């Protein structure tokens, strides 16, 4: 399972994909209406440059992932609420339990 974290700050989308023992920054993130696209490079289980194109419908994501010349793969996902954060005594944010 891969978890995509998206954040918007001052109108700019940023994100990271977490899974298979690595965290990969997302690139070229775009949200146009209900269409969400992004690119990411992975190294596990092999090196691939992936391009995602999904439609957001409520809490559901459906679309495709494409890796170079390989055929597109179907992808699906569900929106999850972000974990609550509490301040760390040294100023960092720590995920709630």
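Numbering (our numbering), first residue to last: 22 to 118.
We put the CB at the ideal spot given by N, CA and C, even for glycine.
Source: prediction; values computed, not measured.
Assuming residue i is part of the beta strand (DSSP E), what are its boundary residues?
i, result
"residue 33", "33-40"
"residue 80", "Counting along the chain, residue 80 falls outside any beta strand (DSSP E), and DSSP gives it neither H nor E."
"residue 90", "Element bounds for residue 90: n/a, residue is neither H nor E."
Pick out whichever of the options has its Cα sitting closest to the Cα of residue i.
i, options, result
"residue 50", "43, 60, 41, 84", "60"
"residue 64", "77, 46, 78", "46"
"residue 76", "89, 33, 67, 98", "98"
"residue 101", "79, 68, 73, 44", "79"
"residue 62", "54, 48, 74", "48"
"residue 44", "32, 26, 30", "26"
Suppose contacts are defined by Cβ-Cβ distances below 9 Å. Is residue i in contact with residue j by that definition?
i, j, result
"residue 57", "residue 91", "no"
"residue 24", "residue 42", "no"
"residue 70", "residue 84", "no"
In three-state terms, what does DSSP make of residue i?
i, result
"residue 102", "coil"
"residue 68", "coil"
"residue 46", "strand"
"residue 23", "coil"
"residue 55", "coil"
"residue 117", "Because residue 117 carries a pLDDT of 39, less than 50, the predicted location of this residue cannot be relied on, and the following value inherits that uncertainty. Reduced to three states, the DSSP call for residue 117 is coil."
Excluding the 5 residues preceding and the 5 following residue i in the sequence, name in chain order all residues of the same chain whose CB lies nearer than 8 Å to its CB.
i, result
"residue 66", "41"
"residue 28", "34, 35, 36"
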